[in-house]
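Accompanying notes for the structure given below.
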Amino acid sequence: MILTSDELKSLTGYQQPAAQIRALKKMDIFYRVRPDGHPVVTWDMVNGLDIQTANQEYMLNVA
Numbered sequence: 001m002i003l004t005s006d007e008l009k010s011l012t013g014y015q016q017p018a019a020q021i022r023a024l025k026k027m028d029i030f031y032r033v034r035p036d037g038h039p040v041v042t043w044d045m046v047n048g049l050d051i052q053t054a055n056q057e058y059m060l061n062v063a
């Protein structure tokens, strides 16, 4: 499940995508960046799911 904009704002404490990305990096939370520059984060990524597993699930859900 992907975090909503409000959930991402609450998690990072920031509204601007660049600031959210900086916060995610500091928290070591894996994320992807959409073409419009906004980060995309799943709850599995927030909860510390193994990055390789998260990548596999992300790719399966997108296809």
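Just so we're aligned, residue 1 is where the sequence shown starts under UniProt numbering, counting upward by one. Virtual Cβ for every residue (Gly too), placed ideally from N, Cα, C. Source: prediction; values computed, not measured.
To which residues of the same chain is residue i closer than 7 Å at the C-beta, ignoring the five residues directly before and after it?
i, result
"K9", "Q15"
"M1", "T42 and W43"
Residues in its own chain within less than 6 Å of residue i by CB, not counting five upstream and five downstream?
i, result
"L3", "V41"
In angstroms, rounded to a whole number, what distance separates the CA positions of residue i and residue j?
i, j, result
"P17", "K26", "14 Å"
"A23", "L11", "9 Å"
Indicate whether residue i and residue j have their beta-carbon atoms separated by less than 8 Å.
i, j, result
"I21", "P35", "no"
With distances taken Cα to Cα, identify the nearest neighbour of residue i among the options.
i, options, result
"D28", "G13, N47 and G37", "N47"
Give every residue of the same chain whose Cβ lies closer than 8 Å to the Cβ of residue i, excluding the five residues on either side of it in the sequence, and list them in chain order.
i, result
"A19", "T12"
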